Amino acid sequence: VDNALVRAVHRIMTHADGKRRLAVRTNADTGADAARARRFGAEGIGLCRTEHMFLGDRRELVERLILARAADEREAALEALLPLQRADFVEIFREMDGLPVTVRLIDPPLHEFLPPLEQLAVNVAVAQERGEDVAKEEALLAAVRRMHEENPMLGLRGVRLGLVIPGLFAMQVRAIAEAAVAVVREGGTACPEIMVPLVGAVQELETVRAEAEKIIAEVVGDSGVEVLIGTMIEVPRAALTAGQIAEAAEFFSFGTNDLTQMGWGFSRDDVEGAFFWRYLELGIFGISPFESIDRDGVGRLVRIAAEEGRAARPGLKLGICGEHGGDPDSVHFFHEVGLDYVSCSPFRVPVARLEAGRAVVESGGSDSR
Ligand code: PEP
Ligand code: MG
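So for the sequence shown, full-length UniProt numbering puts the first residue at 534; every next one is plus one.
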C-alpha cells in the first residue's frame with residue numbers, strides 16, 4: 534500500500550479519535566480476536582459471547598450439565614468446565630491488558646447444545662431391534678423431549694438458563710474472578726465486567742447478582758480486582774422497566790439484535806429471504822432494521838432505557854453490542870442518545886471510530902472526550 538495513503542488514513546483516524554465522545558470497543562471471544570481488534574484501535578471488549586467457548590470438545594460437558602438429573606453429575610461437569618473457562622478468561626484479560634472486558638454469561642439457544650430428537654429416537658429403535666437394553670437411550674430421549682422447545686430463541690436462553698441450572702452462572706463468575714486475580718498476581722491488570730443476558734425483569738438480575746457478589750467477594754479478597762455487574766438490554770420489557778433494572782446494574786449494554794427481533798417480532802434467522810424484499814419494495818424501511826437501527830421504534834426503546842436508567846442511577850455506563858455498533862448511521866444515533874461506547878466486530882472498529890468522530894462534527898460539537 535502507498536505510504537502516503539497510509540499516512541492520510543492515520544491522520545484522519547487520529548483526527549476522528551480527537552473529536553469523538555463515544556468509546557469504541559469490540560466483540561471478541563478469543564485472545565486472537567482481541568489482539569486483532571486492538572490493532573484496529575479497540576478500547577476494550579464490549580461483548581465476549583461465552584457460549585462460543587462451549588462448542589467443540591466441551592459441547593458434551595454442557596450437554597451433560599443440562600441433562601443431569603442428579604446433583605453430583607452436574608457438579609462433575611461444572612468442575613471439569615471451571616479450569617477451562619478460567620484459562621479462556623486469563624488469555625483474554627492478558628491480551629486486553631487492563632482495558633475493560635465485558636464477559637457475557639452463557640446465552641445459547643438450547644437446541645444448539647442438545648442432541649437432535651430424531652437421532653435419539655433412531656438410536657432407541659436400532660437398539661431395540663438388536664435386542665439390547667434400551668433403558669439408557671430411552672432416558673436420554675425422554676430428557677431431551679422434556680427440554681424440547683418450538684421457539685428456542687424465545688425459550689430457555691440467557692438468564693433463564695442461569696436461573697434453572699444450578700451452578701452454571703456461579704461457575705462462570707468464579708472463573709472470571711479467578712482469572713482476573715491470576716492476571717493481577719502475575720503483575721498485569723484486569724477489568725472484568727460481568728453481563729447478564731436476556732434480562733426482562735429486575736428480579737432476574739437481582740437473583741444472579743446476589744449469588745455473583747458472594748463468589749466475587751470470596752475470590753477477589755484483597756487482590757484489588759474490581760468486578761462490575763450489569764445487564765444486556767435486549768428484551769423490550771427491559772427497556773421499558775430500565776429505571777427498576779438500573780437499581781441492580783452498574784452498566785447496560787443494548788443488544789439491538791434481539792431488541793430488533795422482539796421489537797418488530799421478526800425472526801433474526803428467517804426474515805431476510807422470506808419477505809424483507811417486499812418491505813423494501815414498499816419503502817417500509819430502506820435498509821434491514823437488523824443492519825441499521827430503526828430510530829422510530831427500536832431506537833426509541835434505546836432512548837427510553839438510556840434516559841430512565843440514568844435517571845435512576847446517575848453515571849450508569851451505557852453501551853451497545855448488537856451488530857448496529859459497527860453501522861455508520863447507527864453509530865450517529867448512539868452518539869445522539871449519549872451512550873458511552875459502541876462495540877462491534879474487530880474489522881468494523883475503524884469505521885466506528887471514524888463515524889463516532891463525524892457524529893460530533895455533524896452535530897456541531899467540537900468537544901473531545
Ligand atoms: C444482541 O442481541 O444484540 C446481542 C448482542 O446478543 P446476541 O447477538 O448474541 O443474541
Ligand atoms: Mg442477544
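Yeah, the Cβ is synthetic: ideal placement off N, Cα and C, and Gly gets one too. Quick caveat: nothing in here was measured; it's all calculated off a predicted structure.
A contact between stretches requires three or more CB pairs, one per stretch, nearer than 8 angstroms, and the segment 629-637 meets this requirement with the segment 721-729. One Cα belongs to Arg886, the other to Arg836, and the distance between them is close to 22 angstroms. Listed in chain order, the beta strand (DSSP E) elements of length 3 or more contained wholly in the segment 699-764 are 724-729. For the ligand MG, the residues with a Cβ under 7 angstroms from any of its heavy atoms are, in chain order, Asp640, Pro730, Leu731, Met765, Glu767, Gly788, Asn790 and Asp791. In this structure, Ala845 places its C-beta atom within 8 angstroms of the C-beta atom of Glu780. Nearest to Gly842 by C-alpha distance, out of Ile778, Gly798 and Arg811, is Ile778. For Phe799, the number of other beta carbons within 10 angstroms of its own is at least 16, and it is reported as buried. Straight through space, the alpha carbons of Leu588 and Leu638 are spaced by roughly 15 angstroms.
With fewer than 16 other CB atoms across the displayed protein chains lying within 10 angstroms of its CB, Phe808 is exposed. Linking Asp862 to Ala703 through their CA atoms gives a straight-line distance of about 38 angstroms. Taking 8 angstroms as the cut-off, the Cβ atoms of Ala839 and Thr774 do not count as close. Taken in chain order, the whole alpha helix (DSSP H) runs of length 4 or more contained in the segment 596-653 are 604-629.
Bounds of the beta strand (DSSP E) holding Ile853 are Lys850 to Ile853. Bridge partners of Arg558 according to DSSP: Ser876. Leaving aside the five residues that flank Tyr874 on each side, the residues in its chain whose CB is nearer than 7 angstroms to its CB run, in chain order, Leu555, Ala556, Val557, Arg558, Gly579 and Gly852. Under the 10 Å beta carbon count, Ala565 is surrounded by fewer than 16 other beta carbons and is classified as exposed. In this structure, Arg582 has its CB closer than 7 angstroms to one or more heavy atoms of the ligand PEP. Sorting Asp562, Ala570 and Phe646 by C-alpha distance to the C-alpha of Gln618 places Asp562 at the top. By the Cβ criterion, the segment 742-753 is not in contact with the segment 808-822, since fewer than three pairs of Cβ atoms, one from each stretch, lie closer than 8 angstroms.
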